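Student: One structure is given below, represented as structure tokens, and several questions about it will come after.
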Amino acid sequence: MAPSVLRSVELIPSGAQILLSIRNLSKTFTSADEPVHVLRGVDLDLAGGERVALTGESGSGKSTLLHLIAGLDAADGGTIRLEDTEVTRLADAGRAELRRDRIGLVFQQFNLIPSLSVADNLAFQARIAGRHEAAWTRELVERLGLGGLLKRYPEQLSGGQQQRVAIGRALATRPSLLLADEPTGNLDEATADEVLALTRDLVARTGCGFLMVTHSLHLAGTLDRHIVLHAGRIA
Amino acid sequence: MKRALWVLAVLLSHWRRHRMQFATLLIGLIAATALWSGVQAINQQARSAYDRAAATFGGVRTATLVAPDTATFPQELFIKLRRAGWPVSPVLEGRVQINGRSIRLLGIEPVTLPVDVGNAPRLGAADLGTFVAAPGQTLVARETLADLHEGEGAAPSISSGARLPPLHVQPQLVPDVLVVDIGVAQRLLNKPNQVSRLLIGKARGKPAALQSIVGDQLQLIEPTAETELERLTDSFHLNLTAFGLLSFFVGLFIVNSAVGLAFEQRLPMLRTLRACGASARLVNTVLVVELVALALVAGLIGLVCGYVIAAALLPDVAASLRGLYGAQIPGHLTLRPEWWLAGVGISVLGAIVAAATSLIKAIRMPVLATAQPRAWQQRQRRWLILQSLAACAVFAVASLLLFYGQSLIAGFGLLAALMLGAALILPAFLEILLLTGQRLARRPLAMWFWADSRQQLSGLSLALMALLLALSVNVGVSTMVETFSRTFVGWLDGRLAADVYISAADNAQGAAIRNWLKDRSEVQAILSGGRAETQVQGQPVELLGLPDHPLYRERWPLLETAPRAWTQLVPGNAAFISEQLSRRLNIRVGDVIEVPAPGGAWELDIVGIYADYGNPKGQLAVNVAALIRQFPQTPQTRIGLIVSRDNIPGLIAALQKQFALDDRAVADQATVKAESIRIFNRTFAVTSALNAFTLGVAGIALLTSLLTLANSRLPQLAPLWAIGITRPRLAAIELTKTLAVALFTSLLAVPLGLLVAWCLIAIVNVKAFGWRLPFHVFPLQLVELVAVALVASLLAALLPVLRLARMQPSSLVKVFANER
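Written as structure tokens, this is what we have:
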């Protein structure tokens, strides 16, 4: 077993159930007719309820790894298993279903729908999934402090507020796994701390797994585990 | 299903926040559907009228037997054929004058009338007895009854003094026709035991050969799918369709622009939807459903607008068709369900075509594609090259059509190829102009002006193409109409030689008027004319009797003549031929034409060709005395007078008093001329209206493109604002840029429009009407049209520019923030 796998797997609390299991994952892009090996055999396990930070220099493959887990892109080799589903075997429709029902996604750019109000943005993934729970949405609104903003549109919100809406939207379906790609990248330090604290609480409340890509070692230190990706491999 | 509805709700929420964009999308679809459907409604109305005309007791859609050389033949031939088992039915046709108006009279034999001939069975079944038994009936369309100023049941008298059987309205009947029993027709037309043609129904067995019964006295005319009227009016309808199609495409340019912008703006939304678990298939399906739903709504509104447009234009179209071809079209609109279905269909199809590029992009879009706002505007340079190559190919097709095309369709094909080629080459032409400007510019702001105009070009090119097409069509059609108008007025001056025109009610009144005029000292000359009808080589031909008078020799508008043409006309064995008939029959000066006359074939040497604008029928002009000798039934009711100008009002008043003539029966030259010009102007009112519509739609296309661009212009403009150029100045620069490209486009539209005019005059008109006009250019009119185009562009540019001038600094600052 490779040392990187040892590091990523051995730290899972004993007895914890594996939520996400990645083996020998590889991905290559072509840039200016040259192949760029972004991921070179990544192995990673993540337990249910576990909160993991993924750091690494720019271009190390952090976002690509996250996108492959979410089924936003297809891997060239290796496997990704989320609970009992092998993500790497799914077609587009299956991957869409996986995201809809079992994964929550949070992006650096918030990616809210500008033409929907805060209330509609919060609810719309749950509605698409057919799992809209009014009580849970109300709780999310309360915990995220969005009560007075429900009728506003994204452009009328600050960055921190927009990210809180994005987190709420991602958790509204009670996903098994929350994936966040530099969710605090556009926020100041205090707001970033506040948003991440809220996210940690909510993740604990739902019991889902949490994998966050970040550049901040400070924020990475606040999660259960910290993994470093270097040159396409777990360092 | 619920999931799809949620995705649809999300997609639709975009329009709630972008109402102007939504409005432009709907306007584009509505304009495209309305103009196309309006034109189709008019064409459909006209075609159903032609069908009615064709179905009137055996038009060209029924097999007939006619005499090869004479207009009528003895009734015994009909009896012989019936006895031999031929299912024939006799028809006698002629013209009668009622209240000074010439009208077609058809005599039929209802008992033998074939069941499959037009609307005959409906006439015969119910009222057969009343129709046949004395006093009989005169079947008439409601429109004709109104034109004759008669009521149902009236029995008006014709010019010979005989009375028609009582008038009875028959709704299926085409206007301008009176239908009576054949016996009545023979009496009224003074053609006892004569028949014009025999209609052939479906035979039960196989009758004996025609020749064995009647020898070569009759010849069989097979039915044709297209009537003479349809053939003649094809060009008119093709012209309307071309306008409709042009407006439709210009409307689609608007749709393309609005959908393109919406797609770019919704890219992040689509990506988020996919990221949140909506599958690509679901999102794409809902995108198509949304588009189709919008197209259905816009299509229905467009159809209502199309109906209104058609209803507004129909009276003018009917007047045009009557004036140009003698076609009778009812002035009210009746539409079939197919029209509604086709209208909605074309709206949906048009929307899908206009949105195809965006839909394909959406279908191919990978979920992780980085948002490239306005990437669709950054048209690659290779597109310019490809488009220019396509333009060259289209111009090559145009050249082939010009040199080898023989038909009217080829003429319109040439026009279409010219315009398409010009539209395709326009962006390259503008690119070269703007690049030259950029290279010549020295000051930084001027350099930016040209460079930025070039960058904007790809986003504006579709709208500019629309402007080019609309303007060149306007220039072309206006030049043609103006040329026609001036030629027509000059021609009228020559043609209306007499000072006063009289139309007597009948021959007796005509003779009385002539006698009375002989004693009037103010009358310098009495010029009697006459008209008869016949058929030459299967085509209806009008024979016009001209008096031999120096005034005619001086002024009659001859295009080509043989030496001493007028002198040759006098003995009665020579004729002038109208330009359109000479082209149709391929007859030139020096040829001989044989005209079937009641007394046998009449041979005429062609000694001149004359212009006869606006006459749907071919015409031969002969000496009036010779005409009356050959056609003794020619009504002698038309009289022209030469009178000194001062005496005209007094003479007209005296004529009206003496013979109880109304204004239609006696008029001076100025009145007749004014009426002719009024009819002429009405004929082109439809063209002018469609011209204006097309230019208006092109203006809207430009507005939507500019609004579209305005949203993406901030990143280009904000840095200039940041370095100290005020918002009003930026707005002024933007306005100048728009007007500059519009001016360049308009300047290109002028030569293109003149080329269009030349094609219309030298190719399309000749094929369609049979006459060729001299080609004139009217510089003032061109300046006026370019000015109108610039005003339209100014109006289109004003809204986005005003927005920019009033824009809050905070909006400009956002460009520099990451939050954008």
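Note that the protein sequences, when read in sequence, are chains A and B.
Throughout the first sequence, residue numbering follows the working numbering, covering 1 to 235 in sequence.
Throughout the second sequence, residue numbering follows the working numbering, covering 236 to 1055 in sequence.
Glycine included, C-beta positions come from ideal geometry on N, C-alpha and C.
Source: prediction; values computed, not measured.
1. Output, in sequence order along the chain, the residues in the segment 182 to 199 of chain A whose CB is closer than 9 Å to any CB in chain B.
2. Under 8 Å, do residue 24 of chain A and residue 78 of chain A count as touching if we go by C-beta distance?
3. Using a threshold of 7 Å, is the CB atom of residue 685 of chain B nearer than that to any non-hydrogen atom of the ligand PLP?
4. Under the rule that 16 or more other beta-carbon atoms within 10 Å means buried, what is residue 639 of chain B, buried or exposed?
5. Which runs of the alpha helix (DSSP H) spanning at least 4 residues fall entirely within the segment 636 to 666 of chain B, listed in chain order?
6. Quick one: list the residues of chain A neighbouring residue 245 of chain B, beta-carbon separation under 7 Å, in chain order.
7. Within this structure, are the beta carbons of residue 105 of chain A and residue 70 of chain A separated by less than 8 Å?
8. Within this structure, are the beta carbons of residue 323 of chain B and residue 433 of chain B separated by less than 8 Å?
9. At least one CB of chain A closer than 8 Å to the CB of residue 1011 of chain B: is that the case?
10. Using a Cβ-Cβ distance cut-off of 8 Å, determine whether residue 133 of chain A contacts chain B.
11. Please tell me whether residue 343 of chain B and residue 417 of chain B are closer than 8 Å, where the distance is taken between their beta carbons.
12. Take residue 611 of chain B and list the residues in its own chain whose beta-carbon comes closer than 7 Å to its own, dropping the five residues that flank it on each side.
13. Report, in whole angstroms, the separation of the C-beta atoms of residue 793 of chain B and residue 814 of chain B, which I expect to be a contact under 8 Å.
14. Got a sec: is the Cβ-Cβ distance from residue 105 of chain A to anything in chain B below 8 Å?
15. Along the chain, which unbroken stretches of the beta strand (DSSP E) at least 3 residues long are found entirely within the segment 714 to 749 of chain B?
16. Where residue 242 of chain B and residue 517 of chain B are concerned, what is the direct C-alpha to C-alpha distance, given to the nearest angstrom?
17. For chain B, find out if any of its Cβ atoms is closer than 8 Å to the Cβ of residue 74 of chain A; answer yes or no.
18. State the Cα-Cα distance for the pair residue 257 of chain B and residue 481 of chain B, rounded to the nearest angstrom.
19. So the beta strand (DSSP E) residue 845 of chain B belongs to, where does it begin and stop?
20. Within 8 Å of any Cβ in chain B, is that where the Cβ of residue 128 of chain A sits?
21. Would residue 737 of chain B pass as a contact of residue 890 of chain B if the rule is Cβ separation under 8 Å?
22. Could you tell me which chain B residues have their CB closer than 8 Å to the CB of residue 97 of chain A, listed as they occur along the chain?
23. Measuring straight from C-alpha to C-alpha, what distance separates residue 989 of chain B and residue 1011 of chain B?
24. With DSSP run on the structure shown, which of helix, strand or coil describes residue 326 of chain B?
25. Buried or exposed: which applies to residue 403 of chain B, given that a residue is buried once 16 or more other Cβ atoms fall within 10 Å of its Cβ?
26. What residues are listed by DSSP as bridge partners for residue 454 of chain B?
27. Below 8 Å on the Cβ atoms is my guess for residue 883 of chain B versus residue 759 of chain B; work out the distance and round it to an integer in Å.
28. What first and last residue would you give for the alpha helix (DSSP H) that runs through residue 1000 of chain B?
29. For the segment 157 to 170 of chain A against the segment 108 to 116 of chain A, do three or more pairs of beta-carbon atoms, one drawn from each stretch, fall closer than 8 Å, so that the two count as touching?
30. So for residue 211 of chain B, helix, strand or coil by DSSP?
31. So is residue 641 of chain B buried or exposed if we call it buried at 16+ other beta carbons inside 10 Å?
32. Could you round the C-beta distance between residue 807 of chain B and residue 858 of chain B to whole angstroms and report it? I think they count as a contact, below 8 Å.
33. Just the Cα atoms here: how many angstroms apart are residue 688 of chain B and residue 544 of chain B?
34. Going along chain B in order, which residues have a C-beta closer than 7 Å to the C-beta of residue 93 of chain A?
35. When you compare each of B:601, B:539, B:556 and B:568 to residue 576 of chain B by their alpha carbons, which one comes out closest?
36. What do you reckon, are the CB atoms on residue 523 of chain B and residue 594 of chain B nearer than 8 Å?
Tutor: Inspection of the coordinates gives the following:
1. 186
2. Along the first sequence, read from residue 1 onward, the residue named residue 24 of chain A stands at position 24. Along the first sequence, read from residue 1 onward, the residue named residue 78 of chain A stands at position 78. The answer is yes: Cβ separation under 8 Å.
3. Absence of the ligand PLP is noted for the structure shown, with no ligands found whatsoever.
4. Within the second sequence, numbered from 1, the residue matching residue 639 of chain B stands at position 404. When all chains shown are included, residue 639 of chain B counts as exposed.
5. none
6. Residue mapping note: residue 245 of chain B aligns to position 10 of the second sequence, counting from 1. Per Cβ cutoff of 7 Å: 113, 116 and 124.
7. Your numbering for residue 105 of chain A matches position 105 in the first sequence. Your numbering for residue 70 of chain A matches position 70 in the first sequence. Closer than 8 Å, so yes.
8. Within the second sequence, the letter at position 88 stands for residue 323 of chain B. Within the second sequence, the letter at position 198 stands for residue 433 of chain B. It is a contact, given that the beta carbons lie within the stated cut-off.
9. Here the question's residue 1011 of chain B lines up with position 776 in the second sequence. Taking Cβ atoms only, chain A never reaches closer than 8 Å to residue 1011 of chain B, which makes this a no.
10. Translated into the one-based positions of the first sequence, residue 133 of chain A becomes position 133. Chain B, which has no Cβ nearer than 8 Å to the Cβ of residue 133 of chain A, makes this no.
11. Taking the first residue of the second sequence as 1, we reach residue 343 of chain B at position 108. Taking the first residue of the second sequence as 1, we reach residue 417 of chain B at position 182. For residue 343 of chain B and residue 417 of chain B, yes; Cβs fall inside 8 Å.
12. Here residue 611 of chain B corresponds to residue number 376 of the second sequence, with the count starting at 1. In this prediction, residue 611 of chain B has a pLDDT of 39, which is less than 50 and means its spatial position is unreliable; nothing more can be read from the coordinates.
13. Residue mapping note: residue 793 of chain B aligns to position 558 of the second sequence, counting from 1. Residue mapping note: residue 814 of chain B aligns to position 579 of the second sequence, counting from 1. Not really, about 10 Å apart at Cβ, beyond 8 Å.
14. Taking the first residue of the first sequence as 1, we reach residue 105 of chain A at position 105. So, interface residue.
15. 735 to 738
16. One-based indexing of the second sequence puts residue 242 of chain B at position 7. One-based indexing of the second sequence puts residue 517 of chain B at position 282. Roughly 8 Å separates the two Cα atoms.
17. As a working mapping, residue 74 of chain A is identified with position 74 in the first sequence. Chain B, which has no Cβ nearer than 8 Å to the Cβ of residue 74 of chain A, makes this no.
18. Within the second sequence, residue 257 of chain B is the residue found at index 22, counting from 1. Within the second sequence, residue 481 of chain B is the residue found at index 246, counting from 1. The straight-line gap from Cα to Cα measures roughly 23 Å.
19. One-based indexing of the second sequence puts residue 845 of chain B at position 610. 835 to 845 is the extent of the beta strand (DSSP E) around residue 845 of chain B.
20. Within the first sequence, numbered from 1, the residue matching residue 128 of chain A stands at position 128. Chain B contact via Cβ: present.
21. Sequence index remark: in the second sequence, residue 737 of chain B carries index 502 (1-based). Sequence index remark: in the second sequence, residue 890 of chain B carries index 655 (1-based). Their beta carbons are under 8 Å apart, which means residue 737 of chain B touches residue 890 of chain B by this criterion.
22. Residue 97 of chain A sits at position 97 when you count from the first residue of the first sequence. Ordered by position in chain B, the residues that pass the 8 Å Cβ test against residue 97 of chain A are 512 and 514.
23. If you number the second sequence from 1, residue 989 of chain B lands on position 754. If you number the second sequence from 1, residue 1011 of chain B lands on position 776. Their Cα atoms are separated by approximately 9 Å.
24. As a working note, residue 326 of chain B is residue 91 in the second sequence. Of the three classes helix, strand and coil, the one that applies to residue 326 of chain B here is strand, per DSSP.
25. Here residue 403 of chain B is taken as the residue at index 168 of the second sequence, counted from 1. With 16 or more other Cβ atoms within 10 Å, it is buried.
26. To locate residue 454 of chain B, count along the second sequence from 1; it is residue 219. According to DSSP, residue 454 of chain B bridges with B:301.
27. Here the question's residue 883 of chain B lines up with position 648 in the second sequence. Here the question's residue 759 of chain B lines up with position 524 in the second sequence. Their Cβ separation, rounded to whole angstroms, is 12 Å, which puts residue 883 of chain B and residue 759 of chain B out of contact at 8 Å.
28. For this step, residue 1000 of chain B is matched to residue 765 along the second sequence. 1000 to 1003 is the extent of the alpha helix (DSSP H) around residue 1000 of chain B.
29. yes
30. In the structure displayed, chain B extends from 236 to 1055; residue 211 of chain B sits before or after that span and is not available.
31. As a first step, residue 641 of chain B must be located in the second sequence, where it is residue number 406. Exposed, because fewer than 16 other Cβ atoms sit within 10 Å of the Cβ of residue 641 of chain B.
32. If you number the second sequence from 1, residue 807 of chain B lands on position 572. If you number the second sequence from 1, residue 858 of chain B lands on position 623. With a Cβ gap of about 5 Å, residue 807 of chain B and residue 858 of chain B count as contacting.
33. For this step, residue 688 of chain B is matched to residue 453 along the second sequence. For this step, residue 544 of chain B is matched to residue 309 along the second sequence. So the alpha carbons of these two residues sit roughly 37 Å apart.
34. The count along the first sequence starts at 1 and reaches residue 93 of chain A at position 93. Under the 7 Å cutoff, chain B gives 514 and 516.
35. For the purposes of this step, residue 576 of chain B is identified with residue 341 of the second sequence, where counting begins at 1. When each option's Cα is compared against that of residue 576 of chain B, the closest is B:539.
36. For the purposes of this step, residue 523 of chain B is taken as the residue at position 288 of the second sequence. For the purposes of this step, residue 594 of chain B is taken as the residue at position 359 of the second sequence. Yes, the Cβ-Cβ distance between residue 523 of chain B and residue 594 of chain B is below 8 Å.
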